[in-house]
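One structure is given below, encoded as structure tokens.
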Amino acid sequence: MLSTEPDDRGGLSGLLGRALRGSWRLVGQLYGTSKEQKIVEWQSIDLATVPQDLTGNIFGKEPYPASIGTFSDVWRCLYLFGQTQELTVAVKTIRGHRVDESRPVKIKTLQDQVERWKTLVHGNILPVYGATFEFGPLPSLVCPWMDGGSLTHHLDTHPDLSPEKRHEILLQICGGLCYLHSEEVIHGQLNGSNILMDRKGNAYLADFGFLPVVLDFRTAPYLSTAIGNSVRWAAPELFEIPDTTDGPPLQLTVQSDIYSLGSIILQVLSGDIPYHEIKRDDQVLYAIAQGMKPSRPETSNVTDEQWEYIQQCWSSRRENRRPSATEVYAFLTSQHSG
Numbered sequence: 001m002l003s004t005e006p007d008d009r010g011g012l013s014g015l016l017g018r019a020l021r022g023s024w025r026l027v028g029q030l031y032g033t034s035k036e037q038k039i040v041e042w043q044s045i046d047l048a049t050v051p052q053d054l055t056g057n058i059f060g061k062e063p064y065p066a067s068i069g070t071f072s073d074v075w076r077c078l079y080l081f082g083q084t085q086e087l088t089v090a091v092k093t094i095r096g097h098r099v100d101e102s103r104p105v106k107i108k109t110l111q112d113q114v115e116r117w118k119t120l121v122h123g124n125i126l127p128v129y130g131a132t133f134e135f136g137p138l139p140s141l142v143c144p145w146m147d148g149g150s151l152t153h154h155l156d157t158h159p160d161l162s163p164e165k166r167h168e169i170l171l172q173i174c175g176g177l178c179y180l181h182s183e184e185v186i187h188g189q190l191n192g193s194n195i196l197m198d199r200k201g202n203a204y205l206a207d208f209g210f211l212p213v214v215l216d217f218r219t220a221p222y223l224s225t226a227i228g229n230s231v232r233w234a235a236p237e238l239f240e241i242p243d244t245t246d247g248p249p250l251q252l253t254v255q256s257d258i259y260s261l262g263s264i265i266l267q268v269l270s271g272d273i274p275y276h277e278i279k280r281d282d283q284v285l286y287a288i289a290q291g292m293k294p295s296r297p298e299t300s301n302v303t304d305e306q307w308e309y310i311q312q313c314w315s316s317r318r319e320n321r322r323p324s325a326t327e328v329y330a331f332l333t334s335q336h337s338g
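Mapping to full-length UniProt numbering: the sequence shown position 321 is 321, numbers consecutive.
Below, the structure is given as structure tokens:
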């Protein structure tokens with residue numbers, strides 16, 4: 001289990017970790033071990049052999065984060081394991097205050113979640129290796145680094161993807177979501193940034209279950225604010241005003257995931273993000289308030305049948321017509337990929 005005493009981790013354990021890394025580098029210099037020989041691919045790592053607490057084994061932190069989110073940052077680092085092996089990893093840090101009375105509870109919550117996320121194994125979800133205490137007051141998540149970038153980046157830089165390849169990517173994404181829902185995990189923030197690609201163009205769902213945890217940590221857990229740059233993919237009901245002032249707040253659900261999946265299908269088939277003709281996210285939020293849906297693209301990649309099914313994924317919460325993830329997968333499987 002992860003330690004509940006992060007200050008100790010930053011002390012003696014951090015000192016031992018730095019000493020270990022220095023010794024490891026010295027061995028590499030003495031024996032002439034090349035960097036290429038030490039780097040391993042993440043697919044070859046047995047998740048069961050990776051300890052949950054990775055404090056002292058993460059190094060090579062770059063001066064600035066690789067990406068900055070609404071309430072977290074991602075750093076590109078190296079994970080040292082074994083005697084001469086290293087793996088490029090992404091370390092996701094949650095911003096927080098060191099003076100926080102609820103900090104022990106938050107740490108325990110993250111411990112439990114990381115333990116749960118480590119058990120989720122599927123060919124199209126990004127593994128969670130564990131966590132480290134060296135990046136802030138709260139544990140930081142450690143996952144493999146994806147060299148292919150995000151889905152949005154991949155589609156932007158590969159505009160000539162064949163219909164067959166787009167179909168394959170959609171099956172991978174939907175397959176990953178089917179698995180998460182079968183494990184009673186709501187992704188909560190399915191968008192073009194949280195689907196990551198490897199060098200071969202394969203898709204992996206990342207950050208699953210992360211948003212609900214972070215919302216619990218906030219003193220003012222406004223869901224619409226936390227959704228941030230996911231607004232183009234998010235279900236409209238997440239922005240609705242509750243029917244009564246004392247009613248329960250609207251929650252992320254498997255149905256809201258399906259709405260986002262419909263938006264992902266549109267994005268992959270067309271190559272454009274939803275509402276691509278609207279430049280600013282706050283303007284997109286206004287369009288959603290007016291009942292506007294993303295427009296149908298002019299490309300022939302989106303057939304009448306596909307467009308109708310996307311709209312079913314976008315049906316209102318009250319209509320209750322959204323399919324399940326397995327039904328979406330069956331529909332995609334039935335589609336002719338040419």
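Even for Gly, the Cβ is constructed at its ideal location relative to N, Cα and C.
The structure displayed is predicted, hence computed values, not measured ones.
If you compare alpha carbons, which of Glu164, Pro159, Ala131, His154 is closest to Tyr204? Among Glu164, Pro159, Ala131, His154, the Cα nearest to that of Tyr204 is on His154.
Span of the alpha helix (DSSP H), counted from its first residue to its last, around Arg166: Counting along the chain, Arg166 sits inside the alpha helix (DSSP H) bounded by residues 163–182.
Given this structure, state the Cα-to-Cα distance separating Gly11 from Asn57, to the nearest angstrom. Reliability of the predicted coordinates at Gly11 is poor, the pLDDT of 43 falling under 50, and no value is obtained from them.
By the three-class DSSP mapping on this structure, what secondary structure does Trp75 have? Strand at Trp75.
Assigned exposure category for Met292 - 16 Cβ within 10 Å defines buried: By the Cβ-count criterion, Met292 is exposed, with fewer than 16 other Cβ atoms from all chains shown falling within 10 Å of its own Cβ.
State the beta-bridge partners of Ser256 as determined by DSSP. Ser256 pairs with nothing; no bridge assigned.
Please name the residue, chosen from His122, Gly201, Arg76, that lies closest to Lys61 on a Cα-to-Cα basis. Nearest C-alpha to Lys61: Arg76.
Alpha carbon to alpha carbon, how far is Asp100 from Gly176? Give it in angstroms, no decimals. Approximately 36 Å between the Cα atoms of the pair.
Secondary structure at Asp207, three-state DSSP: helix, strand or coil? Three-state DSSP puts Asp207 in coil, outside helix and strand.
By how many angstroms is the C-alpha of Trp42 removed from the C-alpha of Thr152? Approximately 22 Å between the Cα atoms of the pair.
Looking at the secondary structure, which residues open and close the beta strand (DSSP E) in which Ser140 lies? 140–144 is the extent of the beta strand (DSSP E) around Ser140.
Under a three-way DSSP split, which group does Val328 fall into? Collapsing the DSSP output to three states places Val328 in a helix.
Sub-8 Å separation of Tyr259 and Trp314 beta-carbons: Yes, they are a contact pair.
Flag this pair as yes or no: are the beta carbons of Tyr129 and Val89 separated by less than 8 Å? Yes.
Taking the straight line between their C-alpha atoms, what separation do you get for Ala325 and Ser72? Their backbone Cα atoms lie some 28 Å apart in a straight line.
Using the three-state DSSP reduction, which class does Gln283 fall into: helix, strand or coil? In this structure, Gln283 counts as helix in the three-state DSSP scheme.
Helix, strand or coil: which one does DSSP assign to Phe239? DSSP places Phe239 in helix when its eight states are reduced to three.
Which residues bound the beta strand (DSSP E) around Gln85? Here the beta strand (DSSP E) through Gln85 covers 85–94.
Considering just the uninterrupted stretch of the beta strand (DSSP E) at Leu196, what are its terminal residues? Segment 195–197, the beta strand (DSSP E) holding Leu196.
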